[in-house]
Amino acid sequence: MDSLEIKGGKKLSGEVKISGSKNSALPLIASTILSKNLLNIRNIPDVVDIKTLVKLLKMLGAEENFSSNQLKIDTTKIDKTIATYDIVKTMRASILVLGPLLARFGHCQVSLPGGCAIGSRPVDLHLKALRKMGAVIEIKNGYIQALAKDGLKGGDILFEKKTVTGTENLVMAGALAKGVTTLRNCAIEPEVIQLCEVIRDAGVDITGIGTETIQIVGTDKQLLDFQDIKVIPDRIEAGTYLCAGAITNSKITLKSVEPKHIESIIEKLESMGFTFRIKKSEVTIFPTDKILPTNLITAEYPLFPTDMQAQFTALATQSEGESKIEENLFENRFMHVNELQRLGADIKIDKSVVQIDGKTELFGADVMATDLRASSALVLAGLVAKGVTTVHRIYHLDRGYENLDKKLNLLGADVRRINSKL
Ligand code: EPZ
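FYI, the numbering for the sequence shown is 8 to 429, going by this note's numbering.
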């Protein structure tokens, strides 16, 4: 398992290009199951999670070619509808094939994704909503066995909780259903919006895009005429690099970014003393005399994203004072805390709140990555820790950050990828 060796203490400078959004590309790739034609999706990040989903679609019978951030895919030849455990267990977002497969074929089996490091990650809201559309769904031998032999019917669905992939699954299901589907209490993340726009541009009558109530007039199993797609920038990758600039107190510029999607992150960094220059698709962060402590609470978009909680916990170790960070979406998203403490951070956990006392000098050590965003927090801490920090099990990072070590080195960091046979 590879690791990253980071020599701390370097100031960063220059520019970094933000890749396409992993969490937009995943539902978009799943939605191609609804397409009657071959289509191209551009600006896809070359990360493991994308390759996993492309492999799943290939296993179902799709023909695909993924290279240089572009996917050409033809799903018209899909002739299987079982998403097996061996692939779903490696990436829970595989659940995104459930809605489109069921809508198109009237039957499918998808392995239950199971939990992951950050929590139990149930899919009950996906299943409850699909049942409202006439699906018969059983859980048997660890698989979701779904049947809608006469096709899905438009339904009136209220999500008890905002769920990003739940909303995405039901938008895709509603697109091919017979009749009108109304989804209420929808997630409104930019990734959900892009999926809705792509399905609208493929000829489906969707209203309420970007609001918490989406109405879809289904095509009654008529496949869709997709246009080529360009994936939106990855707002969490962008936020992570802003934190790299902040934690090293450097001036760096992010290119190919959507400033609107990272407003809550920029605002939080401004409250910590940083200043910014914002252009159409570019954001520059400037250093501050003193990093101020922060109080933040994670919540659904457009509020502060849970996917940035670990990175801000690392940053807060360098702020002067007491910070409090509350995690409201996942029950176990503090796996990075013990590892940050190994670097010398002064952090206490009290139920869903971490308290970080700074400014603490960090010292390089061996640390273990546990999940995608926790791993990025350890890399950020390594950028300022004295000496060498080695982050082990960086396959977690490779799931969602494209060329992280190369991009950081281009900014002046000293990061070495160590391939190990273990
Ligand atoms: C998406 O996961 C993202 N993944 C996650 O990013 C992100 O952390 C999360 O949304 C929250 O923003 C992708 O988009 C591929 P949810 P998702 O359904 O859809 C509960 C990353 O780092 N819930 O919005 O799985 C759930 O337990 C990943 O890129 C149910 O109870 O998250 C959680 O508490 C990590 N029942 C809350 O809702 C359900 O059926 C939000 O989950 C579904 C969700």
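By construction, the Cβ of each residue, glycine as well, lies at the ideal position given by its N, Cα and C atoms.
Model, not experiment: these values are computed from the prediction.
Check whether the Cβ of A184 sits closer than 7 Å to any heavy atom of the ligand EPZ, and report yes or no.
no
Pair every Cβ in the stretch 417-424 with every Cβ in the stretch 18-29, then say whether three or more of these pairs are closer than 8 Å.
yes
Excluding sequence positions up to five away, which residues of its chain have a Cβ less than 7 Å from the Cβ of S38?
Here the set comprises P107, M179, L202, V205 and I206.
Rounded to whole angstroms, what's the CA-CA distance from I332 to V361? Just pull it up for me.
5 Å
Using the three-state DSSP reduction, which class does A153 fall into: helix, strand or coil?
Correct three-state label for A153: strand.
Per the DSSP calculation, P240 is bridged to which residue(s)?
BP columns for P240 point to G27.
Given 7 Å as the limit, tell me if L336 has its C-beta closer than that to any heavy atom belonging to the ligand EPZ.
yes
Going by DSSP, which residues form a beta bridge with I292?
I259 and F283
I need the straight-line Cα distance from K358 to E274, nearest angstrom please.
26 Å
Could you tell me whether any non-hydrogen atom of the ligand EPZ is closer than 7 Å to the CB of T172?
yes
Would you list the one or two residues that DSSP bridges to A90?
V117
Span separating the alpha-carbon of F112 from that of I144:
14 Å
Classify L177: buried if its beta carbon has 16 or more other beta carbons within 10 angstroms, exposed otherwise.
buried
Hey, out of L310, T282 and D235, whose CA is closest to K267's CA?
L310
Starting from E175, follow the alpha helix (DSSP H) in both directions and report where the run begins and ends.
V171 to L183
Distance check for V398 and R424, CA to CA, integer angstroms please.
10 Å
Compute the Euclidean distance between the alpha carbons of H403 and I254, then round it to the nearest angstrom.
Straight-line Cα distance between these residues: approximately 22 Å.
Span of the alpha helix (DSSP H) holding R138?
D131 to K139
Take the Cβ of L67 as the centre, count every other Cβ of all protein chains shown within 10 Å, and call the residue buried at 16 or more, exposed below.
By the beta-carbon neighbour count (other beta carbons within 10 angstroms, threshold 16), L67 is buried.
Compare the Cα-Cα distances from T82 to each of L350, K65, A90 and D93 and report the closest residue.
K65
With DSSP as the reference, please indicate the residues paired to Q222 in a beta bridge.
Answer is T189 and T214.
DSSP on I3, reduced to helix/strand/coil?
The first residue shown for the chain is 8 and the last is 429, placing residue 3 beyond what the model contains.
Can the beta-carbon of P312 be found less than 8 Å from the beta-carbon of I243?
yes
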